[in-house]
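Numbering (the numbering used here), first residue to last: 665 to 996. A virtual CB, placed ideally from N, CA and C, is assigned to each residue, including glycine. Structure record follows, encoded as structure tokens.
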């Protein structure tokens with residue numbers, strides 16, 4: 665194929681190919697909605713997206729800016745969407761973290777297989793990186809953006825070509841993270857852990873199901889111990905009426921730890937800094953595992969983890985690696 669840049673008008677870049685027809689790369693517009701979601705589900709089989717999910721996690725994101733979101737459309741064949749890339753910078757501060765003025769993210773990208781290696785992906789990336797530079801970003805990461813990320817990085821198995829693509833344009837793998845899971849029927853709380861839970865009362869600590877009286881204490885605990893969107897996740901969970909999936913560790917009405925699940929999805933969970941290393945996290949984990957089994961769940965999974973946490977889940981939590989993602993970074 666002999667692709668070349670034919671013309672440029674503002675955010676529009678037009679590519680031409682004798683066999684495939686013309687492709688225009690431009691900022692997201694209203695008419696792209698259905699085509700983007702359809703292509704997303706076609707290309708990202710492991711990480712599909714509903715129309716409602718796209719509205720909630722893309723269009724309703726407070727940081728959504730169409731100038732950082734590139735869509736490639738073929739002007740022939742009905743104007744099909746053949747590429748998408750979602751770039752984000754913070755316009756509203758993240759609680760406890762701020763605006764992260766030097767940081768930008770690419771949270772999703774894909775190209776129709778018929779248009780790969782024809783300049784579509786490279787043109788979208790060039791324009792998204794231009795968006796980042798205009799807004800003063802010095803580093804761009806794929807992906808790890810919160811609250812509305814879709815994958816923690818590039819799936820090295822199903823999207824291995826994505827790693828090579830980004831490396832071609834100067835991105836480097838900064839770390840690898842792992843999705844994990846297991847069949848719940850194969851899991852049972854270790855006897856030693858059950859004994860430790862029973863012994864917590866001697867320390868004045870109890871593991872209890874969430875009750876509404878703990879709302880303020882839980883939110884204060886999360887804001888104090890874990891910067892970011894943890895508290896907001898709990899607020900949304902309470903609003904959705906699924907707070908019965910939360911377990912707390914409390915002492916004298918003070919929240920010292922918490923753990924949650926959402927259906928078969930486990931986590932996050934966290935323990936007060938003053939109690940870390942005493943096994944409370946393991947107790948919370950197994951308490952929730954047993955709760956999930958009682959509710960009829962059959963599979964437990966978590967989206968991503970790494971380092972010591974990965975070792976814990978493998979060695980103490982009965983989980984196995986299901987997916988590997990590369991978090992990729994470029995300084996600009």
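Proximity of residue i and residue j at Cβ, strictly below 8 Å
| i | j | result |
| --- | --- | --- |
| residue 734 | residue 772 | no |
| residue 993 | residue 838 | yes |
| residue 849 | residue 962 | yes |
| residue 708 | residue 751 | no |
| residue 776 | residue 703 | yes |
| residue 952 | residue 853 | no |
| residue 856 | residue 911 | no |
| residue 868 | residue 915 | yes |
| residue 989 | residue 722 | no |
| residue 732 | residue 745 | no |
| residue 833 | residue 769 | no |
| residue 874 | residue 907 | yes |
| residue 686 | residue 739 | yes |
| residue 820 | residue 991 | no |
| residue 861 | residue 947 | yes |
| residue 815 | residue 716 | no |
| residue 736 | residue 747 | yes |
| residue 801 | residue 766 | yes |
| residue 902 | residue 935 | no |
| residue 970 | residue 840 | yes |
Sequence-distant residues of the same chain with beta carbon closer than 6 Å to residue i, five excluded per side
| i | result |
| --- | --- |
| residue 755 | 727 |
| residue 985 | 842 and 844 |
| residue 974 | 842 |
| residue 931 | 966 |
| residue 718 | 701 |
| residue 699 | 745 |
| residue 749 | 734, 773, 788 and 792 |
Supposed close pair residue i, residue j - CB separation, criterion 8 Å
| i | j | result |
| --- | --- | --- |
| residue 945 | residue 921 | 7 Å |
| residue 919 | residue 890 | The Cβ separation is near 12 Å, so there is no contact. |
| residue 730 | residue 691 | 5 Å |
| residue 689 | residue 784 | 7 Å |
| residue 803 | residue 995 | 5 Å |
| residue 924 | residue 909 | 5 Å |
Per-residue DSSP class, three states only, for residue i
| i | result |
| --- | --- |
| residue 929 | strand |
| residue 737 | strand |
| residue 861 | helix |
| residue 730 | helix |
| residue 682 | Model confidence at residue 682 stands at a pLDDT of 34, short of 50, so the residue's coordinates are unreliable; what they give is reported in the following sentence. Three-state DSSP puts residue 682 in coil, outside helix and strand. |
| residue 799 | coil |
| residue 996 | coil |
| residue 810 | coil |
| residue 977 | helix |
| residue 725 | coil |
| residue 815 | coil |
| residue 887 | helix |
| residue 963 | strand |
| residue 942 | coil |
| residue 710 | helix |
| residue 904 | coil |
| residue 670 | Because the pLDDT at residue 670 is just 32, under 50, the model does not fix this residue reliably, and the value given afterwards should be weighed accordingly. Note: residue 670 maps to strand in three-state DSSP. |
| residue 990 | strand |
| residue 790 | helix |
DSSP bridge partner residues for residue i (one or two, in chain order)
| i | result |
| --- | --- |
| residue 825 | None; residue 825 has no bridge partner. |
| residue 936 | In DSSP, residue 936 forms no bridge with anything. |
| residue 774 | 748 |
| residue 1043 | Given a span of 665 to 996 for the chain in the structure shown, any question on residue 1043 remains unanswerable. |
| residue 969 | 842 |
| residue 984 | 845 |
| residue 769 | 752 and 805 |
| residue 762 | 758 |
| residue 918 | 915 |
| residue 690 | 735 |
| residue 837 | 992 |
Beta-carbon contacts of residue i that lie in its chain and below 7 Å, excluding the five residues immediately before and after
| i | result |
| --- | --- |
| residue 760 | 887, 891 and 892 |
| residue 870 | 864 and 914 |
| residue 895 | 759, 883, 886 and 887 |
| residue 846 | 964, 982, 983 and 984 |
| residue 813 | 771 and 807 |
| residue 976 | none |
| residue 943 | 860 |
| residue 898 | 882, 883 and 886 |
Same chain, Cβ closer than 8 Å to residue i, neighbours up to 5 away in sequence not counted
| i | result |
| --- | --- |
| residue 851 | 953, 957, 964 and 982 |
The ligand MN heavy atom lying under 7 Å from the CB of residue i
| i | result |
| --- | --- |
| residue 819 | This structure lacks the ligand MN, and indeed carries no ligand of any kind. |
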